[in-house]
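K.L.:
Pasting in a structure now, in structure tokens, and then I'll have a few things to ask.
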Amino acid sequence: MGVNLPRLKDFKQRLFFLIVSLIMNSVGTALTISTNMGSAVWAASSVNLANWIGVPLGTTMFCYGVLVTIANQLFIGHFDRRRFISNLMFTVPFSYLVQYVTTFWDWIGVPRLNLAAHIILDVIGIAMISAAVSIYQRSNLIMHPNDDLSYILRFKFMHNSSVMGQWASYIPPVVVTVLAVIFTHQIYAVNFGTILALVAQGEMMKWSDTHVFPRLKHHVDIGVRV
497 MGVNLPRLKD FKQRLFFLIV SLIMNSVGTA LTISTNMGSA VWAASSVNLA NWIGVPLGTT
557 MFCYGVLVTI ANQLFIGHFD RRRFISNLMF TVPFSYLVQY VTTFWDWIGV PRLNLAAHII
617 LDVIGIAMIS AAVSIYQRSN LIMHPNDDLS YILRFKFMHN SSVMGQWASY IPPVVVTVLA
677 VIFTHQIYAV NFGTILALVA QGEMMKWSDT HVFPRLKHHV DIGVRV
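Counting in our numbering, the sequence shown runs without a single skipped number right up to 722 at its last residue.
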């Protein structure tokens, strides 16, 4: 049987963009944590949960990812083996990359910069996260379960609205963050950047869909309500 060259070329392109987006997301997320000016909602929730239960951030993010992976299967309505495995495949490198890159940003002195630099770097971090999520949602090979959740909500329940899908996916991490603060009386990684992500990350993703590698189109693999 001959090789389907267009399909192989498409797969290689999607794989390349997946790797690019994984690195972008890890670097951007770690940057927002290191500045302490507010991380994206899921990352901020992970930091507070790690503090609450007293385990390393990477391990907390991994366990979080496993739970959301299971939730995604429930939202789909049937067991999707490919999606289940791909969610876990993304969770492992991402969780520990964030932990190690955060250590790197701390080591080179990001936390010691002035307020203006922190705000600028935090905005850059949120923008990198938004663009990265847009890229790997369009590639749709493997996805972080948190972002796959917004993807499922977007295409299955929210009439292809990236903004509504993103907001709906924020409910679990916001609840976890509130509980962590109640029980520990401390709050971490929630600041300017968290508000920015809550208000604008969906719009940033929407903009990225058409302006960041615009040739990369969505490869939708779930039912779409229109």
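From the three backbone atoms N, C-alpha and C, an ideal C-beta is built for every residue, glycine too.
This structure is a prediction, so every number in the text was calculated from the model and none was measured.
Any idea if Phe513 is buried or exposed, counting beta-carbon neighbours within 10 angstroms, 16 or more meaning buried?
P.N.:
Result: buried.
K.L.:
As a quick exercise: from Leu694, Ser635 and Thr673, pick the residue whose alpha carbon is nearest that of Val659.
P.N.:
Nearest of Leu694, Ser635 and Thr673 to Val659, Cα basis: Leu694.
K.L.:
By alpha-carbon positions, which one of Leu553, Ala628, Pro641 and Ala664 ends up nearest to Pro710?
P.N.:
Nearest C-alpha to Pro710: Ala628.
K.L.:
Can you tell me whether DSSP reads His655 as helix, strand or coil?
P.N.:
Reduced to three states, the DSSP call for His655 is coil.
K.L.:
How many angstroms separate the CA atom of Tyr684 from the CA atom of Asn532?
P.N.:
For Tyr684 and Asn532, the distance between alpha carbons rounds to 8 Å.
K.L.:
Applying the 10 Å Cβ sphere with the 16-neighbour rule, what's the burial state of Pro589?
P.N.:
By the neighbour-count rule (16 or more Cβ atoms within 10 Å), Pro589 is not buried but exposed.
K.L.:
Measuring alpha carbon to alpha carbon, tell me which of Phe600, Gly573 and Phe653 ends up nearest Ser522.
P.N.:
Per the Cα distances, Phe600.
K.L.:
What's the gap between the Cα of Met520 and the Cα of Ala612?
P.N.:
Straight-line Cα distance between these residues: approximately 22 Å.
K.L.:
Nearest to Ile529 by CA position, among Leu712, Thr690, Gln697 and Glu699, is which residue?
P.N.:
Comparing Cα-Cα distances from Ile529 to each of Leu712, Thr690, Gln697 and Glu699, the minimum goes to Thr690.
K.L.:
Quick one, are the C-beta atoms of Phe571 and Ile638 less than 8 Å apart?
P.N.:
Their beta carbons are not under 8 Å apart, which means Phe571 does not touch Ile638 by this criterion.
K.L.:
Contact defined as beta carbons within less than 8 Å: I believe Gly554 pairs with Val686. What is the distance between those atoms, to the nearest angstrom?
P.N.:
Actually they are not in contact, since the Cβ atoms of Gly554 and Val686 sit about 20 Å apart, beyond 8 Å.
K.L.:
Between which two residues does the alpha helix (DSSP H) carrying Leu553 extend?
P.N.:
That run of the alpha helix (DSSP H) goes Leu553 to Ile572.
K.L.:
Along the chain, which unbroken stretches of the alpha helix (DSSP H) at least 4 residues long are found entirely within the segment 565-653?
P.N.:
For the segment 565-653, whole alpha helix (DSSP H) runs of length 4 or above, ordered along the chain, are 577-603, 611-635 and 641-652.
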